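Take the sequence shown: its letter number 140 is residue 140 in UniProt numbering, and every next letter is one higher. C-beta: ideal position from N, C-alpha, C; glycine also. Remember, predicted model here, so these are calculated numbers, not experimental data. I have placed the structure first, in the form of structure tokens, so that the comments after it can refer back to it.
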Amino acid sequence: MFGGLINNITVSVTRDATLPCIVENLSSYKVAWLRVDTQTILTIAGQVITKNHRIAVTHSDQRTWSLHIKDVRESDQGWYMCQLNTDPMKSQTAFLEVVVPPDILDYPTSTDMVVREGNDVTLRCAASGSPTPTVAWRREASRGISLGNGTSVPAVDGPFLRISKVTRHDMGAYLCIASNGIPPTVSKRILLIVHFPPSVTVGKQLVGAVENYPVSLECLSEAFPKAINYWTRDRGEILTSGTKYDLTVEESSYKVVMKLTIKNVTSRDFGTYKCVSKNSLGDTEGTMKVYRKYPDPVRNYPSNYQL
């Protein structure tokens, strides 16, 4: 008496689903729809039996009896039966698959993390969805992910991202990306913050200076949390910008370029200078010595002389 098989269907969560049951020559028999796993009667003929307000039934010309499920939920997934009250009873079943776009769970997914340089760190990304999502890790701005052995890769697959012996170069934003073929793909940004004490690199340890001319000293400081940076003379006095000195800094992430310019060198300016960097994890300094340098002699050449 059935006019054809009921096709299994796949529906995204929150969408509507329709299961059609085609019956030939129904006569005085009645069509019922049931949920197989719970043996729940949903509809009989044109009447809805279940208290589920999302269930409805329609029919056309006593031939096609369609079960409608509005605003489909994950829990609606399963087998459904179209049944005729003949003797013996006749039935057909169809499977409703409910697919769910990926979602990244707030817990136990990692939040922004702070780690001391040299320690190991593990970031976790937990995702839900149906089918089960796959998870991949990438760094923001297409930077490589360090594997801890001097190599890096553009991406790492899996819910866990493990970085051994973290360095300052690993600091930054990591993207946990979850996908399962059901749009949209989702991602979460996790910031890895690396703490380390200051280190200082001096441009030149010995700097020659000519009296009555300017001279510049330069230091590169690296630290996180952000360091306090300043210049001192050999007698310990802290130098500040003014008529004598010009102090500038250029900051980029955890790096600071410190520059000290002596505007007009005098004999009193020769000696030792220190660039000092301090944060909550430690302090360090770089030392430079400014020594007297005499100007190169000026050579006079004939007007027709060619080099």
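As the crow flies, the alpha-carbon of residue 54 is around 32 Å from that of residue 187. With contact defined as three or more Cβ pairs closer than 8 Å, the region 139-147 and the region 118-129 are not in contact. Under the three-state reduction of DSSP, residue 195 is assigned to strand. A Cβ-Cβ distance of about 13 Å is found for the pair residue 9 and residue 82, leaving them out of contact under the 8 Å criterion. Here the C-alpha atom of residue 27 lies approximately 10 Å from the C-alpha atom of residue 63. Using a C-beta cut-off of 8 Å, the region 169-185 makes no contact with the region 199-211, since fewer than three inter-stretch Cβ pairs fall below that distance.
DSSP places residue 141 in the helix class (H, G or I) of the three-state scheme. For the options 296, 72, 70 and 34, the alpha carbon positioned closest to that of residue 90 is the one of 34. Linking residue 111 to residue 189 through their CA atoms gives a straight-line distance of about 9 Å. In this structure, the CA atom of residue 51 is about 18 Å from the CA atom of residue 18.
About 14 Å separates the CB atoms of residue 135 and residue 145; that is not less than 8 Å, and the two are not in contact. Residue state for residue 168 is assigned as helix, using DSSP reduced to three classes.
With fewer than 16 other beta carbons inside 10 angstroms of its own, residue 249 counts as exposed. Residue pairing by DSSP puts residue 289 in a beta bridge opposite 206 and 272. Ranked by how close their Cα comes to the Cα of residue 72, the residues 128, 94 and 14 have 14 in first place.
Pairing residue 239 with residue 217 gives a Cβ-Cβ distance that is not under 8 Å. For residue 112, the three-state secondary structure derived from DSSP is coil.
Here residue 133 is buried, its C-beta having at least 16 other C-beta atoms within 10 Å.
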